[in-house]
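Plus 308 on top of the position in the sequence shown (first one is 1) and you've got my numbering.
We treat Cβ as the ideally placed atom computed from N, Cα and C, and that holds for glycine.
Read through the structure below, which is laid out as structure tokens, and then see the notes.
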Amino acid sequence: MRLRNVTGSREVIAESRYVVPEDSLHDMPGKWHALFGNQQPIHLEIGMGKGKFIHTMAMEHPEINYLGIEKYSTVLLRAVQKMEAMELPNLKFLRMDAEEITQVFGPGEVDRIYLNFSDPWPKDRHAKRRLPSKEFLARYDQILAKDGWIEFKTDNRALFDFAVEELQPAGWKAKVVTYDLHADPALMEGNVMTEYEEKFSAMGNPICKYVICR
Ligand code: SAM
309 MRLRNVTGSR EVIAESRYVV PEDSLHDMPG KWHALFGNQQ PIHLEIGMGK
359 GKFIHTMAME HPEINYLGIE KYSTVLLRAV QKMEAMELPN LKFLRMDAEE
409 ITQVFGPGEV DRIYLNFSDP WPKDRHAKRR LPSKEFLARY DQILAKDGWI
459 EFKTDNRALF DFAVEELQPA GWKAKVVTYD LHADPALMEG NVMTEYEEKF
509 SAMGNPICKY VICR
């Protein structure tokens with residue numbers, strides 16, 4: 309998801325009070341609870357796109373602090389605009405590449421990670437860039453609390469099969485694996501649809517999901 313030619317998106321992002329300043333991110337490990345001014349659990353969405361999922365989650369769960377990570381300011385701009393329409397005290401955004409995540413969060417500082425419809429990077433030589441790859445799982449392992457977990461949804465079966473195969477070598481266990489989330493009433497309880505989930509499920513694509521822990 310890359311929106312091109314959004315004039316001034318970098319400047320808007322830099323000035324937004326909803327976005328954690330980029331030049332302070334590497335000073336943030338250990339300071340996220342202080343930023344929110346409370347000790348509530350911290351949940352991340354990595355690759356949040358325009359922020360529909362995380363904005364809805366933050367609205368529905370004021371007892372959780374949410375952080376949305378997005379690589380491109382042109383995309384992040386849409387999430388910022390949503391916050392301008394409805395401000396939420398428990399939601400902030402970070403414009404960064406998730407590859408740097410261990411430099412931005414301290415050990416065990418994050419309680420849950422959501423990966424929603426991550427880019428598939430279909431070429432084998434780009435496998436390390438896939439957000440559910442073992443390389444990324446090793447990064448998540450450093451920042452996630454001992455009893456924390458990761459939830460991943462996608463309609464891309466090849467990416468999902470890859471993600472499931474990465475678990476054992478990386479030392480993770482599946483608590484839930486489904487190849488048709490929307491057909492499972494128990495798993496659908498409390499499910500918040502992402503923008504891509506709405507689009508692809510409307511086209512008839514089954515949605516795969518896993519929940520994993522160590
Ligand atoms: N999660 C949203 C959804 O389900 O509707 C958006 C899905 S979109 C296919 C994937 C998003 O992840 C894009 O906006 C992309 O820029 C972002 N992304 C991909 N790799 C990333 C990375 N390494 N760090 C941060 N964001 C990333």
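Here the distance from the Cβ of D331 to the nearest heavy atom of the ligand SAM is not below 6 angstroms.
With a cutoff of 6 angstroms, F460 does not count as near the ligand SAM, since its C-beta is closer than that to no heavy atom of the ligand. E395 counts as exposed, since fewer than 16 other beta carbons sit within 10 angstroms of its beta carbon. K442 sits close to P477, with the two beta carbons spaced by under 7 angstroms. Just measuring C-alpha positions, the residue of A510, L333, F508 sitting nearest V412 is L333. In the structure shown, the three-state DSSP call for K431 is coil. Using a 10 angstroms sphere on the CB of N346, the tally of other CB atoms stays under 16, which defines it as exposed.
Per DSSP, T462 is one residue of the beta strand (DSSP E) stretching across 452-462. The closest CA to that of L467, considering only G456, A453, L423, I409, is found on L423. In the DSSP assignment, the residues bridged to H351 are Y374, R420.
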